[in-house]
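For what it's worth, UniProt numbering labels the leading residue of the sequence shown as 1, then goes sequentially.
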Amino acid sequence: MTAGGAGDGVGSSSPARVAVIGGGPAGLFAAETLCKAGVAVDLYEAKGSVGRKFLIAGKGGLNLTHSEAFDAFVGRYGEAADWVEGWLRAFDADALRDWARAQGVETYVGTSGRVFPMDRKAAPLLRGWVRRLREAGVRFHVQHRWLGWSGARALRFETPDGEVTVETDAVVLALGGGSWPELGSDGAWQSLLASAGVPVAPLRPSNCGFDLDWSGHFATRHAGAPLKPVVAHWHDEAGAARSLQGECVATATGLEGSLVYALSALLRDRIEREGHADLELDLAPSRDVDAVRAALEKPRRKHSLSEHLRRELGLQGVKVALLYERLSRNDMADTGRLAAAIKRLPLRLLRARPLAEAISSAGGIPRHAFDDGLMLRARPGVFAAGEMLDWEAPTGGYLLTACFASGLVAARGVLAWLADSSHRRGELD
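What follows is the structure, given as structure tokens:
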């Protein structure tokens with residue numbers, strides 16, 4: 001079965017037709033940009049509805065972007081910062097807030113600097129966005145799983161009614177990374193692109209938890225318990241001492257949460273390189289080691305050590321359990337060693353949690369595979385955006401902002417490519 005058709009390029013009597021594959025923020029924003037330029041857009045989504053990961057990410061409050069200054073914002077993208085900077089100069093955090101306002105959604109800056117819709121909800125924003133795209137002429141095709149190409153340019157899709165083939169003038173791939181596969185970003189596109197000659201770096205977990213292999217006793221009693229506030233101490237790749245205060249959560253196998261996610265790229269890479277990553281936690285960040293030691297040296301009378309820690313230092317629950325988990329009886333009985341451990345409890349992280357559990361993914365299509373308009377060098381007329389590309393960032397609005405920005409850049413790349421009459425489909429076939 002064959003569907004769709006090809007136009008004659010931007011500016012002709014018959015509008016160019018572009019397929020956007022993937023209904024997350026990058027794909028939707030690419031579709032919006034193309035539609036506004038007069039292109040006929042068909043958006044294909046493997047699931048029964050678009051934006052599923054967007055909705056789940058917004059369950060606890062949709063973190064759209066961050067209010068951080070531009071240079072610091074760009075720095076959050078690590079090794080890919082100079083690449084992502086180009087996208088952000090086209091569409092930055094302020095532009096994303098302006099876009100949300102144009103959708104009828106006002107935003108505010110939280111105490112952490114993160115930016116949220118006033119109602120903190122994702123669903124109203126997504127519903128309104130999809131409705132406006134439909135009204136503008138974007139055609140949505142759900143339950144269409146991309147299967148690759150048929151010949152040089154035709155796209156193959158698996159649908160409930162069997163396989164269909166679609167011919168278009170250009171394609172924007174926005175299929176996501178490999179995290180949360182049940183929501184659609186299952187990474188199945190990797191083999192399809194690799195077989196088409198596109199280089200693909202293996203997908204790896206990012207913004208993920210890590211295993212420490214707790215004892216059964218600790219895991220049974222304390223999985224799900226929050227650790228807050230704590231300060232993480234580590235050494236960066238240059239050997240410099242670094243620290244960061246935040247919160248994390250004990251899991252049945254290790255640790256997760258915002259503090260761990262912020263360090264996940266460094267920890268993951270170190271584990272891959274050295275077999276483990278070492279981290280130290282300050283369980284009493286409001287007191288220095290001398291104050292902790294002085295509190296421990298106060299007479300316990302008839303109180304247990306656990307009760308003494310609670311009364312004198314406010315340590316209880318999972319924080320005390322961590323001390324018992326990691327220290328020997330002799331260490332717990334030695335005031336100096338116990339005080340040192342409370343301020344710098346050594347933890348050895350053994351494994352990143354599986355990709356399917358991660359908030360996002362690293363890896364994907366590397367920078368050298370693209371031109372400046374995010375067109376694949378190996379597949380002229382095929383562009384890509386979002387988490388398919390090889391970049392990563394911590395949580396805090398940075399992921400979503402770069403997805404929007406890359407969708408815009410890819411769509412503009414499509415428009416520039418179509419504007420060159422030599423790329424008309426009839427002249428290429």
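All C-beta atoms, glycine included, are put in the ideal place defined by N, C-alpha and C.
Just so you know, these numbers come straight off a predicted model, no measurement behind them.
At which residues does the beta strand (DSSP E) containing residue i begin and terminate?
i           : result
residue 280 : 277-282
residue 366 : Run containing residue 366: none; DSSP gives neither H nor E here.
residue 91  : Segment: none, residue 91 is in no beta strand (DSSP E) and carries neither H nor E.
residue 227 : 226-235
residue 342 : Looking at the DSSP string, residue 342 is not in any beta strand (DSSP E); the run it does join, the alpha helix (DSSP H), is 335-343.
residue 158 : 154-159
residue 77  : Here residue 77 belongs to no beta strand (DSSP E), and DSSP marks it neither H nor E.
residue 242 : 241-250
To the nearest angstrom, how far is it from the Cα of residue i to the Cα of residue j?
i           : j           : result
residue 340 : residue 289 : 7 Å
residue 104 : residue 118 : 11 Å
residue 427 : residue 70  : Note that residue 427 scores a pLDDT of 43, beneath 50, so its modelled location is shaky; the value from the coordinates is reported in the next line. Distance between the alpha carbons of residue 427 and residue 70: 43 Å.
residue 150 : residue 348 : 49 Å
residue 328 : residue 334 : 10 Å
residue 241 : residue 277 : 14 Å
residue 80  : residue 152 : 31 Å
residue 284 : residue 342 : 7 Å
residue 33  : residue 268 : 36 Å
residue 1   : residue 376 : Because the pLDDT at residue 1 is just 43, under 50, the model does not fix this residue reliably, and the point stays unresolved.
residue 24  : residue 88  : 18 Å
residue 300 : residue 311 : 10 Å
residue 61  : residue 298 : 44 Å
residue 122 : residue 308 : 46 Å
residue 417 : residue 137 : 22 Å
residue 48  : residue 178 : 19 Å
residue 214 : residue 86  : 43 Å
residue 397 : residue 270 : 25 Å
residue 199 : residue 387 : 15 Å
residue 476 : residue 109 : Nothing about residue 476 can be reported from this structure: the residues present for the chain run from 1 to 429 only.
residue 239 : residue 144 : 49 Å
residue 402 : residue 134 : 24 Å
residue 82  : residue 368 : 13 Å
residue 315 : residue 322 : 11 Å
residue 212 : residue 324 : 15 Å
Identify which residue in the options has its Cα closest to the Cα of residue i.
i           : options            : result
residue 359 : 184, 27, 395       : 395
residue 142 : 160, 66, 265, 344  : 160
residue 15  : 22, 36, 29         : 36
residue 146 : 165, 134, 253, 259 : 165
residue 185 : 361, 270, 224      : 361
residue 430 : 244, 315, 177      : What is shown of the chain runs 1 to 429, which leaves residue 430 out entirely.
residue 168 : 387, 397, 380, 405 : 380
residue 193 : 412, 378, 408, 419 : 378
residue 78  : 26, 262, 215, 330  : 262
residue 76  : 287, 134, 264      : 264
residue 173 : 58, 148, 158, 183  : 148
residue 182 : 46, 397, 325       : 46
residue 208 : 227, 188, 180, 234 : 180
residue 336 : 188, 350, 323, 292 : 292
residue 304 : 332, 257, 90, 412  : 332
residue 257 : 206, 237, 287      : 206
residue 124 : 315, 58, 158, 227  : 58
residue 31  : 63, 140, 154, 90   : 140
Just to confirm before moving on: does the CB-CB distance between residue i and residue j stay below 7 Å?
i           : j           : result
residue 255 : residue 218 : no
residue 385 : residue 410 : yes
residue 266 : residue 22  : no
residue 364 : residue 399 : no
residue 259 : residue 247 : yes
residue 222 : residue 252 : no
residue 318 : residue 225 : yes
residue 436 : residue 383 : Since the displayed the chain opens at 1 and closes at 429, residue 436 lies outside it and no answer follows.
residue 170 : residue 320 : no
residue 111 : residue 93  : no
residue 229 : residue 280 : no
residue 130 : residue 67  : no
residue 294 : residue 313 : no
residue 201 : residue 366 : yes
residue 26  : residue 407 : yes
residue 29  : residue 404 : yes
residue 203 : residue 187 : yes
Can you give me the start and stop residues for the alpha helix (DSSP H) that residue i sits inside?
i           : result
residue 217 : 216-222
residue 271 : 264-274
residue 381 : Where residue 381 is concerned, there is no enclosing alpha helix (DSSP H), given that its DSSP letter is neither H nor E.
residue 190 : 189-195
residue 183 : Neither: residue 183 is in no alpha helix (DSSP H) and is coded neither H nor E.
residue 406 : 398-419
residue 205 : Residue 205 -> not in any alpha helix (DSSP H); beta strand (DSSP E) instead, spanning 201-206.
For a cutoff of 7 Å on Cβ pairs, would you count residue i as touching chain D?
i           : result
residue 274 : Considering every chain present, this structure includes no chain D. It has just one protein chain.
- request: Report yes or no: do three or more beta-carbon pairs, one from the segment 32-43 and one from the segment 348-355, lie closer than 8 Å?
  value: no
- prompt: Hey, is the segment 46-54 in contact with the segment 98-116, meaning 3+ C-beta pairs nearer than 8 Å?
  reply: no
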